[in-house]
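Structure record follows, encoded as structure tokens.
Here is the structure:
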């Protein structure tokens, strides 16, 4: 039989109200009594009834995290950062995987609201208008990671994706590359990939390089490596007159390299390949990927701190927290 709050009160020789005050960090309990109660809780391995407690406090000490694809190498590190901070503040986490399905995203937002989570960390594949409307309707503390809506009206943790892509392409140009292909997933969606594609376009324009649609491919994002492979092949079927490839994701870059290898095109001797995200696989693939590093762990931890402040109605220092990025030079660029 589970230990009850009455058992703790009996063990500590105090009232049930005193145990409740200790559990809720009410300051009126003196230190000696508090110590006795905490010792009794530990001895009896007491776990408070979260449902009953939430009815009284209107808080469940639970955070929902919505991610687009649990198999993607980006998100485990983001979630780890979020979980470490949540543990510090004694919050539990409910993890929701949407499989890149906008309908699932909206359904999970509703479910988490019904489950009375205190707030949500939301990593969306694309913040289209219907998603934004759902977020606003649930009226629950929420922090975005990786992107924001068109109006930038949600608290968020991001990097400057457009500028990062711009810097990546300029890096390739400094390597004497002029015919730089691009593999992206989106052109006009409200997400990080579309911003990275825009950064690619800006870098070409700033360096007076003519845009060539033959060497640009937009792939799916459901099977990252395979999608990158197919996208690279679709470019090579049109022309082999390229000297570099900018990919908006590391796994897409890995697929592109596999396609080049199958065509006996050497990376980086003949073609440079640049990835994005600096996932675990980037340093273990062959050749090791040159890539843009996002501070994935920090994105999760900063977002969780922001969310807990929102839950507690504390002001945020910044509504949109822009973290630094860097180019990590490895072996896929000469």
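Numbering (full-length UniProt numbering), first residue to last: 1 to 334. Backbone N, C-alpha and C fix where the C-beta goes; we use that ideal spot for every residue, glycine too. These numbers come from a predicted model, not from an experiment.
So residue i is in the alpha helix (DSSP H); what residue range does that whole segment cover?
i	result
residue 78	75-88
residue 134	129-138
residue 231	224-238
Please classify residue i as buried or exposed, where buried requires at least 16 neighbouring CB atoms within 10 angstroms.
i	result
residue 158	buried
residue 185	buried
residue 196	buried
residue 273	buried
residue 269	exposed
residue 80	exposed
residue 314	exposed
residue 200	buried
residue 332	buried
residue 295	buried
Starting from residue i and walking both ways along the beta strand (DSSP E), at which residues does that stretch end?
i	result
residue 95	92-97
residue 157	156-158
residue 326	326-328
Could you compute how far the alpha carbon of residue i sits from the alpha carbon of residue j?
i	j	result
residue 112	residue 214	44 Å
residue 222	residue 144	21 Å
residue 192	residue 287	25 Å
residue 299	residue 255	26 Å
residue 178	residue 246	12 Å
Using three-state DSSP, classify residue i as helix, strand or coil.
i	result
residue 272	strand
residue 146	coil
residue 28	coil
residue 277	strand
residue 55	Because residue 55 sits at a pLDDT of 48, beneath the cut-off of 50, its placement in the model cannot be relied upon, and the following sentence gives the value as read from the coordinates. Here residue 55 sits in helix by DSSP.
residue 19	helix
residue 181	strand
residue 290	strand
residue 257	helix
residue 165	helix
residue 2	coil
Let me check understanding here. Comparing Cα to Cα, which of the options lies closest to residue i?
i	options	result
residue 95	109, 28, 103 and 88	109
residue 104	68, 290 and 322	68
residue 45	71, 11, 28 and 17	11
residue 83	62, 99, 101 and 100	62
Within 8 Å of any Cβ in chain D, is that where the Cβ of residue i sits?
i	result
residue 96	Among the protein chains of the structure shown there is no chain D, as only one such chain exists.
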